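Everything on this sheet refers to the single structure shown next.
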Amino acid sequence: MHKGHANIKNFIRSENNFKGSIPFKVYKMESWFSGETYHSHEYMQIWYVYKGVVFHWINGTCHEMAKGDVFVVPPYVIHRISARDLDDVIIMGCEFSARFINSQFDDFEKYKDIFDFAYLQPFLVEDKNIKAKVTLTVDSQIQVENIMNNMLTEYKTQDNYYDHIIKAELLKLLSIIAREYGNSKNNKESKSVVEKYRNNVSKAIKYIDQNFYKDLKLDDACKQAMMSKSYFCYIFKIITQKTFTEYLVDIRIKKAMDLLVNTDLSITNISYNVGFNDSAYFCRVFKKMVGVSPKYYKKIMLDDNG
28 MHKGHANIKN
38 FIRSENNFKG
48 SIPFKVYKME
58 SWFSGETYHS
68 HEYMQIWYVY
78 KGVVFHWING
88 TCHEMAKGDV
98 FVVPPYVIHR
108 ISARDLDDVI
118 IMGCEFSARF
128 INSQFDDFEK
138 YKDIFDFAYL
148 QPFLVEDKNI
158 KAKVTLTVDS
168 QIQVENIMNN
178 MLTEYKTQDN
188 YYDHIIKAEL
198 LKLLSIIARE
208 YGNSKNNKES
218 KSVVEKYRNN
228 VSKAIKYIDQ
238 NFYKDLKLDD
248 ACKQAMMSKS
258 YFCYIFKIIT
268 QKTFTEYLVD
278 IRIKKAMDLL
288 VNTDLSITNI
298 SYNVGFNDSA
308 YFCRVFKKMV
318 GVSPKYYKKI
328 MLDDNG
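Going letter by letter, the sequence shown gives residues 28 to 333 in our numbering.
Written out as structure tokens, the structure is:
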């Protein structure tokens, strides 16, 4: 990191960015985002691609980012973001100064060797070593999305001790990303495969996400990815950490959980709506994955919501 970057025209200082009671902000941007011109800032920034495709420009190189990709930009690094189709983009992001991590610190760079910042070490590096993006596994994507949504809720409501809860969630978020960063460095084969076939498999994943309620077959996904069945299964498992069947069932059960809480549909109708042809089988799978039956899940969720 270089303090000279603070001299560029679009340099954002912490005091101009954080207007609330804490030097932290979190947001969800749908069909729009800022940062399309080159800029740098005094604080750290994390962006997670929740939907769509964006391009992260750093060190003169463009990095394509899709659903499940995240970047962590330390202070003073010049970068910009662009997109081909903003209407199809959703970004979840957060920004924070060193003071939010520890009130005694005023600069990430000055204190980057302190033990408390161990989880930030992968990201507090020289410009040439900046990780422009990290591709998360499906399990980590779920965790990151939950954390970002939790922080957003706390940030909006600002109930008692909201700042402590946000800080705890932020440290967990950074730790998950740092772990993924370490795993990607230690597995060159997986990294090269992800880079080479990411677009192919992303098309298949998008197709599955949009058609999960249909009688989907592995052949359908392979056709979307334009890959052979054996090689698609191999690459798909590396990227998602799940088999095709596991991924499809996971989506169906998550959708069923939403329908159980937010609609008056019967369990039988819900099972058909999410792609199960046998409601008894649906109930068995639901209980295995969630831990309780669909009927009991609906009851406890509605009771909790008053």
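Yeah, the Cβ is synthetic: ideal placement off N, Cα and C, and Gly gets one too. Nothing here was measured: the structure is a model prediction, and the numbers come from that model.
What residue does the beta strand (DSSP E) around residue i start on, and which one ends it?
| i | result |
| --- | --- |
| M56 | 51-57 |
| I118 | 117-123 |
| S41 | Here S41 belongs to no beta strand (DSSP E); instead the alpha helix (DSSP H) covers 41-44. |
| I108 | 106-110 |
| F82 | 80-85 |
I want to check one thing, is the minimum distance from the CB of residue i to the heavy atoms of the ligand GDP below 6 Å?
| i | result |
| --- | --- |
| V80 | In the structure shown, the ligand GDP is absent, as is every other ligand, since no ligand is present at all. |
Round the Cβ separation of residue i and residue j to the nearest angstrom and send it over; I've been treating them as touching at under 8 Å.
| i | j | result |
| --- | --- | --- |
| F21 | S48 | In the structure as shown, the chain begins at 28 and stops at 333. Residue 21 is therefore absent and cannot be evaluated. |
| K256 | D246 | 7 Å |
| I203 | V171 | 6 Å |
| K160 | H90 | 5 Å |
| I117 | Y77 | 4 Å |
| Q72 | G120 | 7 Å |
| V301 | F239 | 7 Å |
Between which two residues does the alpha helix (DSSP H) harbouring residue i extend?
| i | result |
| --- | --- |
| R311 | 306-317 |
Is DSSP giving residue i helix, strand or coil here?
| i | result |
| --- | --- |
| V100 | strand |
| Y208 | helix |
| Y70 | coil |
| T94 | This sequence places Lys at residue 94; Thr is not what is there. DSSP places K94 in coil when its eight states are reduced to three. |
| V301 | coil |
| F60 | coil |
| Y324 | helix |
| R126 | helix |
| Y378 | With the chain covering only 28 through 333, there is no way to say anything about residue 378. |
| Y234 | helix |
| Y240 | coil |
_Length at least 4, wholly inside the stretch 248-297: the alpha helix (DSSP H) runs in chain order_ = For the stretch 248-297, whole alpha helix (DSSP H) runs of length 4 or above, ordered along the chain, are 256-267, 271-289.
*Which parts of the stretch 148-199 are runs of the alpha helix (DSSP H), unbroken and 4 residues or longer, counting only runs that do not cross its ends?*
DSSP runs (the alpha helix (DSSP H)) wholly in the stretch 148-199: 165-184.
_Given 8 Å, three or more beta-carbon pairs between the stretch 55-65 and the stretch 89-102_ = In short, these stretches do not touch, since the Cβ pair count stays below three.
*Taking 8 Å as the threshold, find out whether the stretch 311-328 comes into contact with the stretch 276-295 through three or more Cβ pairs.*
Yes: the two stretches touch, three or more of their Cβ pairs being nearer than 8 Å.
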